[in-house]
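Q: The structure is given below, and queries will be raised subsequently.
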Amino acid sequence: LFCFPFQCFSLLAYNVKPSHELRKIRNPFTNRKIKVKPPSESNCKWYHYVHEVGGFMAHDMELVPIFSKDRNKLPQDQWSPLNDLTLEKVACADADILASLPEKNELLFVYKPPNLLTLPGKFDTDCLSERVNCHYNVQTPPRIIKKSKKKTDKIWVPRPCHRLDKDTSGIVCIAKTRNAYKSMTALFENRNIEKCYVALVNGIMDNNSGTLDVPIGSIQHESHKTWSTELYAENKRDAITEWEVSRRHSNHNYTRIILRPKTGRGHQLRLHMAHMGHSILGDELHGKCNAPRLCLHAELMSLLVQHEGAAYKVTCWCLP
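Using the working numbering, you'd call the opening residue of the sequence shown number 1450 and step up by one each time.
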């Protein structure tokens, strides 16, 4: 399933390694490098191990057994800017709609590794936002999204437009300006951004595709709050997820699936798959800790932007 962190798409140019260097991982059986190619090019050893044989994921340039339970042996991945994108010009006759779109050059797509917060937490300041801003020598405020009446007077600090769970890897979009952040917030609220995830789930799924419409609420504990689909959960909100089987690995008893969330509730994908009886591999909260990490990866993001007075559909993806 997974191969991290293979840089694919971004809106800016950076001093990063060439893509041909990043698309190689070590074969633990031969100690040689394997080239990582898109799924369309299935005539390679990486595709053979990950997609056909199964039981392996590529992490930090190593092939790692999926069912290894020792998380301490899993190397820490690093964030990285995604250095390519596809742009498709679209017709937009409404000047107001065009003006409301984020400017292409004011956005940045990056790869978030697993086991890293998107934004600083209450007791943990190490996060994707901090690491990205350190790259630009900018200090991230401890509570970056905290509302303030005088926020317009403050110097803008680049910040993520959305979050991924700490254990989830994949694409995160960062706004470099206040206007870009406002535009992205509106796009997310109006559900005008397409997101696609790849996951490995326990068991062999019978159907090929479907849609889950299961509300998600919260349960308050003494020291913390958890998300839940249980009937007694409070403050429930609609949660919709479309899913599609990519490949069934019967010999290892797991299924590779594509997930397209239509809403953005807390732990939505993890809860919905657990609700189906096919929890995501490595999900300690809602399933079994039977993998060295959570096997959930944000693979693709597609949205409309403005560039040189025209509207474009920008698509960013990061090979899983």
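Idealized CB from N, CA, C, for every residue including glycine. These figures come from a predicted structure and were not determined experimentally.
In three-state terms, what does DSSP make of His1584?
A: The answer is helix: DSSP assigns His1584 an H, G or I state.
Q: Going along the chain, which residues of its own chain have a beta-carbon closer than 7 angstroms to the beta-carbon of Thr1626, five neighbours each way excluded?
A: Around Thr1626: Glu1555 and Trp1605.
Q: If we count Cβ pairs, one from each stretch, closer than 8 angstroms, do we get three or more for the segment 1575-1582 versus the segment 1656-1675?
A: No: the two stretches stay apart, fewer than three of their Cβ pairs being nearer than 8 angstroms.
Q: For Trp1528, which option in Leu1752, Phe1558 and Ala1548 has the closest C-alpha, if you only look at C-alpha atoms?
A: For Trp1528, the nearest C-alpha among the options comes from Phe1558.
Q: With DSSP as the reference, label Val1502 as helix, strand or coil.
A: Val1502: helix per DSSP, three-state reduction.
Q: Taking the alpha carbon of His1735 as the point to measure from, which residue in Leu1745, Arg1742, Leu1720 and Met1725 has its own alpha carbon closest?
A: Checking every option, the nearest Cα to that of His1735 belongs to Leu1720.
Q: How should Ile1729 be labelled, buried or exposed, when 16 other C-beta atoms within 10 angstroms of its C-beta is the threshold for buried?
A: Classification for Ile1729: buried.
Q: With distances taken between CB atoms, is the gap from Ala1682 to Ser1667 smaller than 8 angstroms?
A: Yes.
Q: Reducing DSSP to helix, strand and coil, say where Phe1478 ends up.
A: Residue state, collapsed to three classes: coil.
Q: Determine the closest residue to Ala1747 out of Glu1757, His1756, Leu1718 and Tyr1761, with distance taken between C-alpha atoms.
A: Closest by alpha carbon: Leu1718.
Q: By how many angstroms is the C-alpha of Met1750 removed from the C-alpha of Val1485?
A: Cα-Cα distance, rounded: 21 angstroms.
Q: CA-CA distance, Ala1760 and Ile1515?
A: If you take the alpha carbons of Ala1760 and Ile1515, they lie about 42 angstroms apart.
Q: CB Arg1714 to CB Arg1686, shorter than 8 angstroms?
A: Going by C-beta atoms, Arg1714 is nearer than 8 angstroms to Arg1686.
Q: Leaving aside the five residues before and after Ser1677 along the sequence, list all residues of the same chain whose C-beta is less than 8 angstroms from its C-beta, in chain order.
A: Within the same chain, Ser1677 has close Cβ partners Ile1665, Gly1666, Ser1667, Ile1668 and Leu1720.
Q: Using CA atoms only, rank isn't needed, just tell me which of His1756, Thr1764, Ala1740 and Trp1766 is closest to Phe1505.
A: Taking only the C-alpha atoms, the option nearest Phe1505 is Ala1740.
Q: So for Ser1578, helix, strand or coil by DSSP?
A: Looking at Ser1578 - three-state DSSP - the assignment turns out to be helix.
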